[in-house]
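The next block holds one structure in the form of structure tokens; read it before the comments.
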Amino acid sequence: MSTVTHTSGQKRPDVAPPGRPTGRRAEAAGSGIGGRIFNGFSHLFLVVWAIMVIYPLLWVVMSALKTDSEVIREPLSLLPKSLQWDNFARAWTAGIDSFFLDTLLVLVFSVTLTMLLGSMAAYALARYEFRGNRLIYWMFLSGLTLPVYLAAVPLFKGVYNMNVVFPLLGPNKHLTLILVYVAWSLSFTVFFMHSFFRTLPNTIAEAAQVDGASHTRAFFSVMLPMARPGLISIGIFNVLGQWNQWYLPTLLMQPVAGEPKNQVIAQGLIELSVNQGYKSDWSGLFAGVTMAMLPVLIVYVVFQRQVQSGLTAGVGK
Numbered sequence: 018m019s020t021v022t023h024t025s026g027q028k029r030p031d032v033a034p035p036g037r038p039t040g041r042r043a044e045a046a047g048s049g050i051g052g053r054i055f056n057g058f059s060h061l062f063l064v065v066w067a068i069m070v071i072y073p074l075l076w077v078v079m080s081a082l083k084t085d086s087e088v089i090r091e092p093l094s095l096l097p098k099s100l101q102w103d104n105f106a107r108a109w110t111a112g113i114d115s116f117f118l119d120t121l122l123v124l125v126f127s128v129t130l131t132m133l134l135g136s137m138a139a140y141a142l143a144r145y146e147f148r149g150n151r152l153i154y155w156m157f158l159s160g161l162t163l164p165v166y167l168a169a170v171p172l173f174k175g176v177y178n179m180n181v182v183f184p185l186l187g188p189n190k191h192l193t194l195i196l197v198y199v200a201w202s203l204s205f206t207v208f209f210m211h212s213f214f215r216t217l218p219n220t221i222a223e224a225a226q227v228d229g230a231s232h233t234r235a236f237f238s239v240m241l242p243m244a245r246p247g248l249i250s251i252g253i254f255n256v257l258g259q260w261n262q263w264y265l266p267t268l269l270m271q272p273v274a275g276e277p278k279n280q281v282i283a284q285g286l287i288e289l290s291v292n293q294g295y296k297s298d299w300s301g302l303f304a305g306v307t308m309a310m311l312p313v314l315i316v317y318v319v320f321q322r323q324v325q326s327g328l329t330a331g332v333g334k
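Just so we're aligned, residue 18 is where the sequence shown starts under this note's numbering, counting upward by one.
Take a look at the structure:
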């Protein structure tokens, strides 16, 4: 690089004229322009995607606060002329309360059993080498490739035949739906937690066993608390999948003569719309959909923050 001698006798590199970047500065300027263009397109895409997701949700909530005439005459309008809060009371008394109770009863036991059995199986398959380990793991994964619709006929017949031997099982029984939900969700839970347990350090569990802890104690007291971010993440997937499930409840929760009807929230909303016949109560239906949607959104927002804080704490350690 050429230099310029000053009266002081010191030498300094040539300075390019202002406004004319050369060499690496020119490349950085060019990449900066391309990066700004890419960021602009990515932000525009995210804005469009957010509108596509948020607008239908707002439309459902606002439609729940309209009258039937407003829903029919101005279906695409967002803001109602006046807030009709009685739509929620009418939808709740129309059967949403029992649908909520049945759904919560099923999900509390099914999600708990799924998380417990899935994490135990995943930990054993991820941490212990034994004959048939990979075979059992691939058998769990094969459950992800089997659509539930293919098992509809044998599942339906098995449920009805099981009622003869086990009175607590059979059509229109909560226990039946709980067990089916556990079997349906177990494959993905084992797959997810198996990968998560393999990322955890095994030295802590070995240290606990050296101190006298059994394999069971080391799992529940050491490894399971360390896997809390993974448990919360897969728990969100299980809650969302089982809350929105419609096909399995419709198949298994068939009404039986002389017994009270048991239905989950998705199944109950469909029945409300069918039982109306020629009488339209669209505002009540939108209110029911809103009440069914809010718990899912609340669970996702609350637990998603816990997942992020857990992952951040894990990185900090």
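Backbone N, C-alpha and C define an ideal beta-carbon position, used for all residues, glycine too.
Report the three-state DSSP secondary structure of residue i (helix, strand or coil).
| i | result |
| --- | --- |
| V316 | helix |
| Y145 | coil |
| E276 | coil |
| P73 | helix |
| S94 | coil |
| K190 | coil |
| V78 | helix |
| P242 | helix |
| T84 | coil |
| Q321 | helix |
| A330 | Confidence at A330 is low in this model, with a pLDDT of 43, below 50, so its placement is unreliable and the value that follows should be read with caution. In the structure shown, A330 sits in a helix (DSSP, three-state: H, G or I). |
| Q101 | coil |
Confirm, please, whether the CB-CB distance from residue j to residue i is below 8 Å.
| i | j | result |
| --- | --- | --- |
| L286 | A304 | no |
| V199 | T120 | no |
| M79 | L61 | no |
| L186 | N180 | yes |
| V366 | N189 | Not covered by the structure: residue 366. The range shown for the chain is 18 to 334. |
| L124 | V256 | yes |
| L269 | V165 | no |
To which residues of the same chain is residue i closer than 7 Å at the C-beta, ignoring the five residues directly before and after it?
| i | result |
| --- | --- |
| G258 | S202 |
| E288 | Q280 |
| Q101 | L82, K83, T84, S300 |
| S204 | F157, L158, G160, L161 |
If I measure Cβ to Cβ from residue i and keep anything under 8 Å in the same chain, skipping five residues before and after, which residues do I get?
| i | result |
| --- | --- |
| K174 | none |
| S238 | A225, A230 |
Leaving out five residues on either side along the sequence, give the residues of the same chain with a beta carbon under 6 Å from the beta carbon of residue i.
| i | result |
| --- | --- |
| S278 | Note on identity: in this sequence residue 278 is Lys, with Ser being the wrong assignment. So the qualifying residues of the chain are P272. |
Which first and last residues belong to the alpha helix (DSSP H) in which residue i is found?
| i | result |
| --- | --- |
| S264 | Note on identity: in this sequence residue 264 is Tyr, with Ser being the wrong assignment. First-last of the alpha helix (DSSP H) with Y264: 264–269. |
| T110 | No alpha helix (DSSP H) holds T110; DSSP gives it neither H nor E. |
| A150 | Here residue 150 turns out to be Asn, not Ala, going by the sequence shown. Residues 150–159. |
Counting Cβ pairs closer than 8 Å, one from the stretch 122–140 and one from the stretch 206–218, do we hit at least three? yes
Three or more beta-carbon pairs under 8 Å between the stretch 145–161 and the stretch 312–320, yes or no? no
How about the stretch 239–254 and the stretch 216–225: do they share at least three Cβ pairs that are nearer than 8 Å? yes
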